[in-house]
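S.K.: Chains as they are written, first to last, in this note's numbering: chain A, 239 to 608; chain B, 3 to 247.
Handing you this structure, nothing more for now.
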């Protein structure tokens, strides 16, 4: 019986003008374009400079800042007030004030002071921007010391902290984004499509003809689940391929465990979509309910923000989200070369959730109305 | 031998009583007409008999199985054609046939022969590969009927099978119904075309959830001293209007 139902599902899928294209195009576009767009790396900051010193040192320092690539100079201002206006107008993100006799005081007193001011409307950009700027200046300071080594005003060496970033040495945002995008694509396609499937049979009335046959609930749900399972593999493979071609990102670990996890995750999430479809009375309801859950799950599963930053009660909720475990698997496989054994603790909850949602899907499918 | 036995069958939707205490029997091989105006409760009653809707109270058996507790067994022995066309419009004619033949357990090797036989019976040989959505309504209804009896059920339930179909196609449709009855399939059919009621062996007339009359068309006409089923129906329907005032 299952065989005929599956044949029907696949025929309907491939005969649809839109769905097969969506399944191919969405992962390609998302993985090719979104990492460029959704980039939280702080770059191209506009910097206003008030150089009241006009010395060789102040010139060198500005060149050093410009060559870092993080900043572009948006203007030179005569005084603090007009520079501040450029921030207020939104022309500049940061300003750097180099006071008069800066070089002199460096040479004579072995110290000088600078002022950095940052526009903190975007707190993260303001904070990171001023940190980058201080780091560049500190770097310049070290060069200055090195160049004048042996001279009279050699300053005391301060303790220097040099962080080494494990797994993502350049702190590239893309490395963080790409696994999240892969998870997103699977959620969108393998969650929404099943959610729309049963309910559209309800809207078309075709489900009546099936309900009046002796087909079992289990067989029926399985016939709805398996196609999305297969589609899930296609989507995941397309995502992995696109990320590799466009960004050279490929799982550093073995791909086999990743696919085992993909299999369980897609099964669970499609099961969840079917549950929504069973309860929904029409397509509109199904779409909005799915939107609600998908957005909530994305936020509580640590896709874009750290899971551990959430309040404890929210973390409890997050533990019921298959997405939480799956995103960890993706990041561990992409960045840490994790083996199956290292991710085993994520496998069991994911399996449990898949069993839970699919049992629910079978139980909530009613061939008979009350 | 009764293939459908219903006793005091009732269905409530909240405070609304859709089917009110109906009792009747349908004999094997009969063409049983289930008449009533729109909203009289025909479809609700039929859905309970097919195991699509749980009765609020009362009992019934279809093909010997209890409709409340053994509805999945009932489904093995019945065919059903709903009022709204319910085959897959994005599948071809033969693909719909194959799907339902498969679901009802026709052995895989026999399915192509079954499809060919059905296409021949319908005169649909040339439409085998047509998408169902491209068929005219009358053809769709014939296809839906033939799919509903693909597994040679004991009883077939037809819910307004000729709604919106032109007179010539309706007559042809009734020829199919007679042919099915000749093959021993009991036919339970709802309609509100009174000329069709004359084709039934026995009819029941439902008014506001109750069965107000049940007999052969000839005896009903005699009982109400009128010339046609249409007049019988009008008399009963008028009575209902009077009751509502």
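Backbone N, C-alpha and C fix where the C-beta goes; we use that ideal spot for every residue, glycine too.
In this text, all values refer to a predicted model and were calculated from it rather than measured experimentally.
Report all residues from its chain with a CB closer than 7 Å to the CB of residue 31 of chain B; omit the five preceding and five following residues, and keep chain order.
M.R.: 183, 186, 188
S.K.: Can you pull the chain A neighbours of residue 86 of chain B, defined as C-beta to C-beta under 8 Å?
M.R.: 443, 446
S.K.: Sorted by chain position, which residues of the same chain lie with C-beta nearer than 7 Å to residue 25 of chain B's C-beta, five sequence neighbours on each side aside?
M.R.: 8, 9, 10
S.K.: Return the residue from the list A:469, A:528, A:416 that minimises the CA-CA distance to residue 482 of chain A.
M.R.: Looking at the Cα atoms, A:416 is the closest of the given residues.
S.K.: If distances are taken between C-alpha atoms only, which option among A:360, A:452, A:329, A:434 comes closest to residue 153 of chain B?
M.R.: A:452
S.K.: When burial is assigned at 16 or more other CB atoms within 10 Å of the CB, is residue 503 of chain A buried or exposed?
M.R.: buried
S.K.: Should the region 504-514 of chain A be regarded as contacting the region 457-477 of chain A, the criterion being three or more beta carbon pairs within less than 8 Å?
M.R.: Contact holds: three or more Cβ-Cβ distances are below 8 Å.
S.K.: What are the residues in the region 246-264 of chain A lying within 9 Å of chain B by C-beta distance?
M.R.: 246, 249, 250, 253, 254
S.K.: Grab the span of the alpha helix (DSSP H) containing residue 562 of chain A for me, first residue to last.
M.R.: 560-573
S.K.: Jot down the residue ranges of each uninterrupted beta strand (DSSP E) in the region 323-402 of chain A, minimum 3 residues, whole runs only, in chain order.
M.R.: For the region 323-402 of chain A, whole beta strand (DSSP E) runs of length 3 or above, ordered along the chain, are 332-336, 353-356.
S.K.: Straight-line CA distance for residue 248 of chain A to residue 477 of chain A?
M.R.: 22 Å
S.K.: Cutting at 8 Å between CB atoms, please list the residues of its own chain near residue 441 of chain A, excluding the five before and the five after it.
M.R.: 520, 521
S.K.: Can at least three beta-carbon pairs, one atom from the region 72-79 of chain B and one from the region 134-147 of chain B, be found at a separation below 8 Å?
M.R.: no
S.K.: Give the range of the alpha helix (DSSP H) segment to which residue 222 of chain A is assigned.
M.R.: No information on residue 222 of chain A is available, as it lies outside the stretch 239 to 608 that chain A covers here.
S.K.: Taking contact to mean at least 3 C-beta pairs separated by less than 8 Å, is the region 410-425 of chain A in contact with the region 557-565 of chain A?
M.R.: Short answer: they touch.
S.K.: Name, please, each residue of chain B whose Cβ falls closer than 9 Å to the Cβ of residue 518 of chain A.
M.R.: In chain order: nothing, as chain B lies at least about 19 Å away.
S.K.: Could you check where the beta strand (DSSP E) with residue 80 of chain B kicks off and where it finishes?
M.R.: Annotation: the continuous beta strand (DSSP E) that includes residue 80 of chain B extends over 80-83.
S.K.: Measuring alpha carbon to alpha carbon, tell me which residue in A:553, A:469, A:544 is nearest residue 569 of chain A.
M.R.: A:544
S.K.: Please tell me whether residue 404 of chain A has its Cβ less than 8 Å away from any Cβ of chain B.
M.R.: no
S.K.: Measuring CB to CB, does residue 365 of chain A end up less than 8 Å from residue 357 of chain A?
M.R.: no
S.K.: Classify residue 71 of chain B as helix, strand or coil using the three-state DSSP reduction.
M.R.: coil
S.K.: Identify each residue in the region 67-79 of chain B for which the Cβ-Cβ distance to at least one residue of chain A is less than 7 Å, and report them in chain order.
M.R.: For the region 67-79 of chain B, the set of residues with a beta-carbon nearer than 7 Å to any beta-carbon of chain A comprises 73, 74, 77, 78, in chain order.
S.K.: What did DSSP end up calling residue 493 of chain A once you bin it into helix, strand or coil?
M.R.: Annotated three-state conformation of residue 493 of chain A is helix, per DSSP.
S.K.: In chain B, what lies closer than 9 Å to residue 607 of chain A by C-beta?
M.R.: 49, 54, 55, 56
S.K.: Count the other C-beta atoms from every protein chain shown that fall within 10 angstroms of the C-beta of residue 391 of chain A, then say buried if there are 16 or more, exposed otherwise.
M.R.: Annotation note: pLDDT 44 at residue 391 of chain A (below 50); position unreliable, no value reported.
S.K.: Residues of chain A with a CB under 7 Å from the CB of residue 92 of chain B: which are they?
M.R.: 250, 253
S.K.: At the level of alpha carbons, what is the spacing between residue 312 of chain A and residue 275 of chain A?
M.R.: 23 Å
S.K.: Looking only at DSSP bridge pairs, what is residue 9 of chain B linked to?
M.R.: B:61
S.K.: Measure from the C-beta of residue 614 of chain A to each C-beta in chain B and report whether the shortest distance is under 8 Å.
M.R.: Not covered by the structure: residue 614 of chain A. The range shown for chain A is 239 to 608.
S.K.: Using DSSP with H/G/I as helix, E/B as strand and the rest coil, what is residue 453 of chain A?
M.R.: In the displayed model, residue 453 of chain A falls within coil according to three-state DSSP, outside both helix and strand.
S.K.: Is the beta carbon of residue 130 of chain B less than 8 Å from the beta carbon of residue 95 of chain B?
M.R.: A contact, by the Cβ cut-off of 8 Å.
S.K.: If you drop the 5 nearest sequence neighbours on each side, which residues of the same chain put their C-beta closer than 7 Å to that of residue 89 of chain B?
M.R.: 98, 134, 145, 146, 149
S.K.: Is the CB of residue 569 of chain A under 8 Å away from at least one CB in chain B?
M.R.: no
S.K.: Determine the contact status of residue 104 of chain B and residue 117 of chain B, defining contact as a CB-CB distance below 8 Å.
M.R.: no
S.K.: Output yes if chain A places a C-beta closer than 8 Å to the C-beta of residue 89 of chain B; else output no.
M.R.: yes
S.K.: First and last residue of the alpha helix (DSSP H) that includes residue 22 of chain B?
M.R.: Under the DSSP assignment, residue 22 of chain B falls outside any alpha helix (DSSP H), being part of the beta strand (DSSP E) whose first and last residues are 18-29.
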